[in-house]
Each structure stands twice: as C-alpha cells, then as structure tokens.
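Below is one structure, written out as structure tokens, with a few remarks after it.
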Amino acid sequence: MAQASGADYIFKIVLTGDSGVGKSCLLSRFTRNEFSLESRSTIGVEFSTKEIQMEGKTVKVQIWDTAGQERFMAITKAYYRNALGALVVFDLLKLSSFQNLDQWYNEVRANAGADCSVILIGNKADQRHIRAVQYEDAKRYADERNIPFIETSALDATNVEQAFRTLITDIYRHWA
Ligand code: GDP
Ligand code: MG
78 MAQASGADYI FKIVLTGDSG VGKSCLLSRF TRNEFSLESR STIGVEFSTK EIQMEGKTVK
138 VQIWDTAGQE RFMAITKAYY RNALGALVVF DLLKLSSFQN LDQWYNEVRA NAGADCSVIL
198 IGNKADQRHI RAVQYEDAKR YADERNIPFI ETSALDATNV EQAFRTLITD IYRHWA
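For what it's worth, the numbering used here labels the leading residue of the sequence shown as 78, then goes sequentially.
See the structure below:
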C-alpha cells in the first residue's frame with residue numbers, strides 16, 4: 078500500500094480467471110461505466126485506475142487486467158506482486174471456467190501472498206436462461222475458502238460496483 082499525492086491510499090487489485098469470462102468488461106464497467114459486446118483481447122497487461130471515497134479518505138485503486146495467458150509467460154510474479162486484492166472471475170454460462178477456478182485461486186495465493194483479499198465473481202448473470210453454474214455450487218466453493226461470492230453482469234451493470242466495493246472495503250479494513 079503506497080501513499081501518494083492526491084490520494085490517501087493506493088490499492089493494487091488484479092483480475093484473474095479464464096479468457097472470455099468478462100474480466101475486461103468488468104474493468105471498463107467499473108472504471109468508465111462502459112460496456113462493449115465485441116471481445117477485444119487484452120494484449121499483455123493493462124491497468125486502469127479509479128478513485129473512490131471511503132470513510133472520508135480518497136482511495137486510488139489500480140486494477141490490473143490480462144488476457145489470461147500470463148501463466149505461460151514470465152510475468153506472473155510481476156502481475157501479482159504487491160496486489161492487495163484479487164477478483165477471481167468465472168463465467169456463469171461456462172462450466173469449464175468454474176472448474177478451472179482452483180488454478181486461478183491457487184495462483185493468487187501462491188503469488189500475491191496470504192494477506193491478499195480475494196472475491197469470487199460469477200459474471201454474465203444477465204443470461205439466466207442459459208446458466209451452467211448454479212448459485213449454490215459457487216457459493217459453496219467460496220464458503221470453503223472463506224471468501225465472498227457475488228454474481229455480476231458487466232452488460233447490465235448488476236452488482237459490478239458492489240463487487241469492487243466489497244473487495245476494496247475488505248482491503249481497507251486490513252491496511253488503512
Ligand atoms: P476477458 O477475456 O475475461 O477479458 O473477457 P471480455 O471482457 O473480453 O468478455 C468476453 C465476452 O463476454 C465479450 O464478448 C463480452 O461482450 C462478453 N461479456 C462480458 N461480460 C458480460 C456480461 O456480463 N454479460 C454478457 N451477456 N456478456 C458479457
Ligand atoms: Mg480481457
């Protein structure tokens with residue numbers, strides 16, 4: 078946690094999860110309130126920042142995003158280094174993205190450290206009729222790891238602000 082001019086705190090947060098689950102869309106929804114239906118592959122690593130107010134303090138969140146291929150590159154360590162929070166994202170419509178969660182969760186735990194706050198996100202909640210992962214199963218996964226679980230839609234903005242806020246509040250409680 079760095080302190081910098083203009084903000085009382087800077088928190089680094091990372092997005093992880095399979096390619097196509099909606100990480101970049103969640104990021105643009107949260108930081109710019111934009112959504113695009115066409116998938117634009119993230120090249121390497123990108124990050125966006127947003128300032129939010131918390132208990133009268135200005136918190137600058139720096140949110141890192143990748144194309145999901147980072148584990149094949151040498152940048153994994155740098156990606157997670159100093160991250161205080163992680164959103165582990167799966168696609169509610171795609172079972173394999175749920176089955177792959179261990180890989181992402183373990184990667185966060187191995188590289189970001191035990192103190193990193195983690196939240197599980199099931200994205201694309203707007204498509205209820207074709208969901209492949211049940212709420213109860215995802216909730217159980219999160220409960221077993223003692224992390225929150227929130228279903229979001231980057232498309233219609235449901236719970237996106239709440240998901241980021243939940244994570245940032247948890248980080249704030251730990252560090253601020
Ligand atoms: P990433 O690879 O994890 O960064 O995934 P993207 O953010 O690029 O999104 C992959 C695809 O899923 C894109 O076609 C998005 O338009 C779509 N998508 C992302 N979020 C949602 C959502 O909440 N609902 C629906 N229906 N589609 C979404
Ligand atoms: Mg992306």
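In this text, a Cβ means the ideal position worked out from N, Cα and C, and glycines have one as well.
Note that the structure is a prediction, hence the values are computed from the model and not measured.
Item                                                                                                                                                  : Value
Quick one: residues in its chain with C-beta nearer than 7 Å to the C-beta of Ala231, no 5 flanking neighbours on either side, listed in chain order? : Gly99, Cys102, Leu103, Arg106, Phe112, Asn200, Val237
Does the region 210 to 219 come within contact of the region 128 to 140, defined as at least 3 CB pairs closer than 8 Å?                              : no
If you follow the beta strand (DSSP E) that Phe226 is in, where does it begin and where does it stop?                                                 : 226 to 229
Return yes when at least one heavy atom of ligand 2 lies under 6 Å from the C-beta of Ser105, else no.                                                : no
Please report how far the alpha carbon of Ala160 lies from the alpha carbon of Val91, in whole angstroms.                                             : 7 Å
Let's see if you can read the secondary structure: which residues bound the alpha helix (DSSP H) around Glu123?                                       : Counting along the chain, Glu123 falls outside any alpha helix (DSSP H), though it belongs to the beta strand (DSSP E) covering 122 to 131.
Quick test of the definition: if touching needs 3 or more C-beta pairs under 8 Å, does the region 237 to 248 touch the region 194 to 208?             : yes
In whole angstroms, give me the CA-to-CA distance for Arg186 and Ala234.                                                                              : 28 Å
Near Glu228, what residues of its chain come up, given a Cβ to Cβ distance below 6 Å and the 5 sequence neighbours on each side ignored?              : Gly199, Ala202
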